[in-house]
């Protein structure tokens, strides 16, 4: 039924058009699946439409430098490429579906061949069944093995291809030779193919689970938003059509669509996705809200400030994806081993064949061939190659669900070795939301005028202390006046003109440099600092006018976090540009090991270098622009999620909650991930160390035991699956207090 605009009870914008509905329920049904309403149903026999992946970047999980548009095979390791950034719905896994189908075909052929091999009848039928298993079902394995030779990049498929081809070609020649008592090993070639395909199926399923963390993050964002037009008409639109500046209504219980500012209304928002705190945060006019968080019982209208890839949620997803593909230094060991491993195994297989062909029991050629094939199959280095990347992918995803964003795998590896943690004061140890507690007038100007002038010049600054002075002036209803000639002296203070009066606001060093020091002002400032206040000197028209004392409360969680880190033997050092007296007051409350006060931003990196020259492994935690050089200098930079973008870009690890307990969680994650990697490498190396000699027949002279190529194939598959299964255990690892 056609609905006129003037009679519509609900609207929805889709692909640039507005659709009108007689009631909200019809609108909701349309919103859930618009195409089903706009397009006629497809015939029952019509094939399902596959997702277009041609414009999607794909990357190799083992060699992340291999990137291409569209799916394909890695020329280095032979593994199937994966989407660079996972989506909520990647569509069907075509690689998994293909491998599953080929495995079923190979398994059926293998069972039939094993039955026929016991009867030693119908060799031509055996050849046909083996050809289906090897040449059709095993085609991807043979192709990857051949490409590894062409690309001069030997890998696991090189060994698999040689092994399968040797058994199949020999058996084919034996059939056509028509020599009596000449055995064939079609069943071995088919069973090896089936088992390798089974390993590929299990591996693909497990690898798909490593992207679950990213998909859970992506699932936090809603698919639609309620856009409010200039004339007040509300329409539901797809999230990707929302633009910066749009007004959006957020209803009770809904997810906030994008990052922005509340324009009207109020509510309590569950921000546990970002902060991890279960208590909802009250939001009213002017408050910032984050896309993906959940609105409570209230309703409000917000302005979209960050959309698409600029939202915090999108940046988190991108960071997690990049970190999962980064390589830890420990990976170099596996890379070096893998580079020499395949040629070495081929050499061992050749020696095995030669020894058994000369010294083995009759039929010597057959025994030599089977043992050489067993060596090739059991020695596949897939487990070695997967050991580190799988653990990194799962570990980074686990950290993301606990508010610990890992930017690169190197930071994750080094963090467990850190013995010194340097922390900034403001915004890291303290709340970063200081408030004015004291105003001291030292001349003829009254306190309110001192505050007004100080707030006027601080409006041009981005420092947290500046914001506290501006807030204090606004709370008293003081007008800031007109600011001109503003200059910021990093680490010292600010200069400007308020209503043509020269105003300087800064620390004691700045005042001394300008030759405006006052003994009376310095004595009073020292008293305030002993009380834990940060003091700024106010100079008006080149005369000392007064002091502004600001107190920044220590974070409630800082004491617990520092106590836990000290129990682990970590040395905690506070690095701040604040005065020595104020810094000492904070250090006493937190029982810190060392304090470096009155340090300029450009000097912070030098302090880190000094500690590193003493042989210490240093992590730096900060949240401001002035911390960026020190974050970059430290072996591990840790940015507080409540800080600036440049700090987070410089750091290797970001704590979304802005909570020092996140360092404890990050260290727990680092220990668990590195332990998991070592376990994987141990499993892989020990497996090959034991398996290759047994496959070569070292036990035969003592126990008469030879390893069948089929058993070698099963063992190879088990080794890869065991490494992946062990890596997936990281998804359930406990990261201590505050983890999700």
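Numbering (this note's numbering), first residue to last: 12 to 751.
We treat Cβ as the ideally placed atom computed from N, Cα and C, and that holds for glycine.
Could you name the residues that DSSP lists as bridge partners for residue 362?
Here residue 362 refers to the residue found at position 351 when the chain shown is read from its first residue. Looking at the DSSP assignment, residue 362 forms no beta bridge with any residue, so it has no partner.
Ordered along the chain, which non-local residues of its own chain (more than five positions away) have a Cβ less than 6 Å from that of residue 169?
Indexing the chain shown from 1 puts residue 169 at position 158. Result list for residue 169: 156, 159 and 353, in chain order.
Taking C-alpha atoms, which residue in 463, 214, 472 and 474 lies nearest to residue 488?
For the purposes of this step, residue 488 is identified with residue 477 of the chain shown, where counting begins at 1. Checking every option, the nearest Cα to that of residue 488 belongs to 463.
Residues sharing a beta bridge with residue 277, DSSP
Within the chain shown, the letter at position 266 stands for residue 277. 310.
Residue 446 (DSSP reduced to helix, strand or coil):
Walking along the chain shown from the start, residue 446 turns up at place 435. Of the three classes helix, strand and coil, the one that applies to residue 446 here is strand, per DSSP.
Output yes or no for whether 8 Å exceeds the beta carbon distance between residue 430 and residue 627.
Stepping through the chain shown from its first residue, residue 430 is reached at position 419. Stepping through the chain shown from its first residue, residue 627 is reached at position 616. Contact: yes.
Would you say the stretch 292-301 touches the stretch 271-282, given that touching needs at least three Cβ pairs under 8 Å?
yes
Does the Cβ-Cβ distance between residue 603 and residue 684 come in under 8 Å?
Position 592 of the chain shown, counting from 1, holds the residue named residue 603. Position 673 of the chain shown, counting from 1, holds the residue named residue 684. Their beta carbons are not under 8 Å apart, which means residue 603 does not touch residue 684 by this criterion.
Let me know if residue 264 comes out buried or exposed under the rule of 16 or more other beta-carbons within 10 Å of its beta-carbon.
As a working mapping, residue 264 is identified with position 253 in the chain shown. Exposed.
For residue 695 and residue 596, the rounded distance between their alpha carbons
For the purposes of this step, residue 596 is taken as the residue at position 585 of the chain shown. For the purposes of this step, residue 695 is taken as the residue at position 684 of the chain shown. Those two C-alpha atoms are separated by around 53 Å.
Consult DSSP for residue 651 and reduce its assignment to one of helix, strand or coil.
Working through the chain shown from its first residue, we reach residue 651 at position 640. Three-state DSSP puts residue 651 in a strand.
Among 269, 322, 135 and 397, which residue has its Cα nearest to the Cα of residue 727?
On the chain shown, residue 727 is found 716 positions in, with the first residue counted as 1. The option with the nearest alpha carbon to residue 727 is 397.
Does residue 177 come out as helix, strand or coil in the three-state DSSP assignment?
Within the chain shown, numbered from 1, the residue matching residue 177 stands at position 166. Note: residue 177 maps to helix in three-state DSSP.
Nearest to residue 629 (by Cα), restricted to the options 513, 270, 434 and 139:
Here residue 629 refers to the residue found at position 618 of the chain shown. Minimum Cα distance to residue 629 is reached at 434.
Enumerate in chain order the residues of its own chain whose CB-to-CB distance from residue 605 is below 6 Å, with the five nearest sequence positions on each side excluded.
Position 594 of the chain shown, counting from 1, holds the residue named residue 605. If we look at residue 605 and ignore the five residues flanking it on each side, its Cβ neighbours are 584.
Alpha-carbon to alpha-carbon, residue 578 and residue 87
Here residue 87 is taken as the residue at index 76 of the chain shown, counted from 1. Here residue 578 is taken as the residue at index 567 of the chain shown, counted from 1. Computed Cα separation, rounded: 45 Å.
Which residue from 410, 518, 645 and 449 puts its Cα closest to that of residue 745?
Residue 745 sits at position 734 when you count from the first residue of the chain shown. Answer by Cα proximity: 410.
Alpha-carbon spacing of residue 51 relative to residue 249, whole angstroms
Numbered from its first residue, the chain shown carries residue 51 at position 40. Numbered from its first residue, the chain shown carries residue 249 at position 238. Any answer about residue 51 is weak, because its pLDDT of 43 lies below 50 and its placement is not dependable; what the coordinates show is given next. Rounded to whole angstroms, residue 51 to residue 249 spans 22 Å at the Cα level.
Within the continuous alpha helix (DSSP H) that includes residue 6, where are the two ends?
What is shown of the chain runs 12 to 751, which leaves residue 6 out entirely.
Residue 640 and residue 616: beta carbons closer than 8 Å?
In the chain shown, counting from the first residue as 1, residue 640 sits at position 629. In the chain shown, counting from the first residue as 1, residue 616 sits at position 605. Yes.
Can you round the beta-carbon distance between residue 632 and residue 432 to whole angstroms, since I take them to be within the 8 Å contact cut?
Locating residue 632 in the chain shown gives position 621, where the first residue counts as 1. Locating residue 432 in the chain shown gives position 421, where the first residue counts as 1. About 6 Å separates the two Cβ atoms, so the contact holds.
Going by DSSP, which residues form a beta bridge with residue 258?
For the purposes of this step, residue 258 is identified with residue 247 of the chain shown, where counting begins at 1. According to DSSP, which records beta bridges pairwise, residue 258 is partnered with 239 and 314.
If you scan the stretch 543-570 from start to end, which runs of the alpha helix (DSSP H) of 4 or more residues do you find wholly inside it?
none
My output table needs one value for residue 470: the three-state DSSP class, helix, strand or coil.
Walking along the chain shown from the start, residue 470 turns up at place 459. In the structure shown, residue 470 sits in coil (DSSP, three-state: anything other than H, G, I, E or B).
DSSP-derived helix/strand/coil call for residue 428
As a first step, residue 428 is located in the chain shown; it is residue number 417 there, counting from the start. Residue 428: coil per DSSP, three-state reduction.
Rounded Cβ spacing between residue 387 and residue 356 (contact assumed at less than 8 Å):
Along the chain shown, one-based indexing puts residue 387 at 376. Along the chain shown, one-based indexing puts residue 356 at 345. 7 Å between Cβ atoms; contact.
Report yes if the CB atom of residue 492 is closer than 8 Å to the CB atom of residue 467, and no otherwise.
On the chain shown, position 481 is the one that residue 492 refers to. On the chain shown, position 456 is the one that residue 467 refers to. Yes, the pair counts as a contact, with Cβ atoms nearer than the cut-off.
Going by CA-CA distance only, name the one from 420, 486 and 465 that's closest to residue 497.
As a position in the chain shown, residue 497 is number 486, starting the count at 1. That would be 465, whose Cα lies nearest to the Cα of residue 497.
May I ask you to list the residues that DSSP assigns as paired with residue 586?
By 1-based counting over the chain shown, the position of residue 586 is 575. Its beta-bridge partners are 435 and 607.
Using 8 Å for Cβ pairs, my map puts residue 698 next to residue 730. What's the rounded Cβ distance?
What you label residue 698 is simply residue 687 of the chain shown in a count that begins at 1. What you label residue 730 is simply residue 719 of the chain shown in a count that begins at 1. About 5 Å separates the two Cβ atoms, so the contact holds.
Give a yes or no on contact between the stretch 113-128 and the stretch 77-92, applying the rule of three or more CB pairs nearer than 8 Å.
no
Take every Cβ of the stretch 503-517, pair it with every Cβ of the stretch 549-560, and state whether three or more of those distances are shorter than 8 Å.
yes
Just checking, does the stretch 444-463 make contact with the stretch 699-715 on the three C-beta pairs under 8 Å criterion?
no
On the three-state DSSP scale, how would you describe residue 212?
Position 201 of the chain shown, counted from the first residue, corresponds to residue 212. Residue state, collapsed to three classes: helix.
Extent of the continuous beta strand (DSSP E) to which residue 632 belongs
Taking the chain shown and counting its residues from 1, the one referred to as residue 632 is at position 621. Start and end: 629-633.
Rounded separation between residue 573 and residue 203 - CA only
Position 562 of the chain shown holds residue 573. Position 192 of the chain shown holds residue 203. Taking the straight line from one Cα to the other gives about 55 Å.
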